[in-house]
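Numbering (the working numbering), first residue to last: 16 to 345.
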């Protein structure tokens, strides 16, 4: 038997399962499944789970922050499709010793995002865990019929953009793992523990009618852009000099002896949006962006050759970065 990567496992499993049913517009392989609605909307479904000592340590964040993050990362998948979040289901596997205060704190963390993004919990499940806390959420959203932004529509010459800043979450995790809690480390720890789903941005990008594909950056920029490349059957080139990084990022990376470019390109859990814009509409798109609050950076170009997936330095030479991003199985 051969050991599989996470995405090879998903592909193999998908091949063995039944074909998609009528009404399933987009199934396995995108940020959300898309199901046809009966009126003028399509429905978005996504699910994600967080396991103690795999995705988090309870010593790193309180229960409210942990629950908030579990919901945020699911809402981020809705954002990646250009959708509006509506509902979610919550399943909790609780270890022995969970208290009423823990339950209240969990509810408080969920409630803050419920109110901010107008979503409600419509059900779920609870059970006991013998090996740590597990939070599993299924988020449900809506998008105008036929308008979901997919991973599979990038085209030759499209411009590649990313929102926000890259690598901050991965750097925050490294600070936590090395018990560094300085004032300089705090912004990165905050980004890691409290990601913000880019729902408003995702909807706005969909409405521009210039975006061809989109994904949220969860595994790491290079890995997630690779998912767009896989689905669209294209290649890409991105410029290391164009990768957006937060103030103090390089200095803190140096303190931890981490390569800032590699961490920004492969670190993961940024939950920013990476998307492609029609090549001939780059100038028009950037003009539409003027005066907006969000930070969007042009970082590269879609290429025709599927085998070419390159991160280049300022002189155009490829940068070696090892594993492209996070993989649960490796």
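Virtual Cβ for every residue (Gly too), placed ideally from N, Cα, C.
Because the structure is a prediction, the values reported are computed rather than measured.
| task | Report all residues from its chain with a CB closer than 8 Å to the CB of residue 264; omit the five preceding and five following residues, and keep chain order. | result | Position 249 of the chain shown, counted from the first residue, corresponds to residue 264. Closer than 8 Å at the Cβ level, and outside the excluded window around residue 264, lie 180, 182, 183, 186, 203, 275, 279.
| Out of 240, 87, 25, which has the shortest C-alpha to C-alpha gap to residue 4? | In the structure as shown, the chain starts at 16 and stops at 345, and residue 4 therefore has no counterpart that could be examined.
| request: Tell me whether the beta-carbon of residue 289 lies closer than 9 Å to the beta-carbon of residue 175. | output: One-based indexing of the chain shown puts residue 289 at position 274. One-based indexing of the chain shown puts residue 175 at position 160. Closer than 9 Å, so yes.
| task | Kindly indicate which three-state DSSP category residue 284 falls into: helix, strand or coil? | result | Numbered from its first residue, the chain shown carries residue 284 at position 269. If DSSP states are grouped into helix, strand and coil, residue 284 belongs with coil.
| message | Distance check for residue 306 and residue 24, CA to CA, integer angstroms please. | response | Taking the chain shown and counting its residues from 1, the one referred to as residue 24 is at position 9. Taking the chain shown and counting its residues from 1, the one referred to as residue 306 is at position 291. Roughly 44 Å between the two C-alpha positions.
| request: Tell me whether the beta-carbon of residue 60 lies closer than 9 Å to the beta-carbon of residue 137. | output: Along the chain shown, one-based indexing puts residue 60 at 45. Along the chain shown, one-based indexing puts residue 137 at 122. Contact flag unset, no.
| request: Along the beta strand (DSSP E) that carries residue 251, what are the first and last residues, could you check? | output: Counting from 1 along the chain shown, the entry for residue 251 is found at position 236. Note, residue 251: beta strand (DSSP E), 250-254.
| query | So which of 296, 246, 330, 200 has the shortest CA-CA distance to residue 266? | reply | As a first step, residue 266 must be located in the chain shown, where it is residue number 251. Ranking 296, 246, 330, 200 by Cα distance to residue 266 puts 200 first.
| Quick one: what's got a C-beta closer than 6 Å to residue 206's C-beta in the same chain, skipping five residues either side? | Within the chain shown, residue 206 is the residue found at index 191, counting from 1. 183, 184, 187, listed in sequence order.
| query | Among the residues of its own chain, which have a CB less than 6 Å from the CB of residue 82, if the five just before and after it don't count? | reply | For the purposes of this step, residue 82 is taken as residue 67 along the chain shown, with counting starting at 1. Excluding residues within five positions, the ones whose Cβ falls inside 6 Å are 121, 124, 125.
| request: For the beta strand (DSSP E) containing residue 313, list its first residue and its last residue. | output: The residue you call residue 313 lines up with position 298 of the chain shown. Counting along the chain, the beta strand (DSSP E) containing residue 313 begins and ends at 311-318.
| Spatial neighbours of residue 140 in its chain, beta-carbon cut-off 7 Å, leaving aside the 5 residues before and after | Taking the chain shown and counting its residues from 1, one reaches residue 140 at position 125. Once the five neighbours on either side are set aside, the close Cβ partners of residue 140 are 106.
| said: Pop quiz: residue 177 and residue 232 are said to be a contact at Cβ under 8 Å. What is the actual Cβ separation, rounded to whole angstroms? | reply: By 1-based counting over the chain shown, the position of residue 177 is 162. By 1-based counting over the chain shown, the position of residue 232 is 217. About 7 Å; that satisfies the 8 Å criterion.
| Residues bridged to residue 157 [DSSP beta-bridge criterion] | Sequence index remark: in the chain shown, residue 157 carries index 142 (1-based). Paired residues: 58, 99.
| request: Measure the alpha-carbon distance for residue 100 versus residue 43 and round it to whole angstroms. | output: Residue numbering aside, residue 100 sits at position 85 when the chain shown is read from its first letter. Residue numbering aside, residue 43 sits at position 28 when the chain shown is read from its first letter. Cα to Cα, residue 100 sits roughly 19 Å from residue 43.
| Terminal residues of the continuous beta strand (DSSP E) containing residue 294? | The residue labelled residue 294 in the question sits at position 279 within the chain shown. Where residue 294 is concerned, there is no enclosing beta strand (DSSP E), given that its DSSP letter is neither H nor E.
| request: Counting only the same chain and skipping the five closest in sequence on each side, list residues whose C-beta sits under 8 Å from that of residue 111. | output: Numbered from its first residue, the chain shown carries residue 111 at position 96. 143.
| message | For the ligand HEM, is there any heavy atom lying closer than 8 Å to the beta carbon of residue 69? | response | The ligand content of the structure shown is nil, which means the ligand HEM is not present either.
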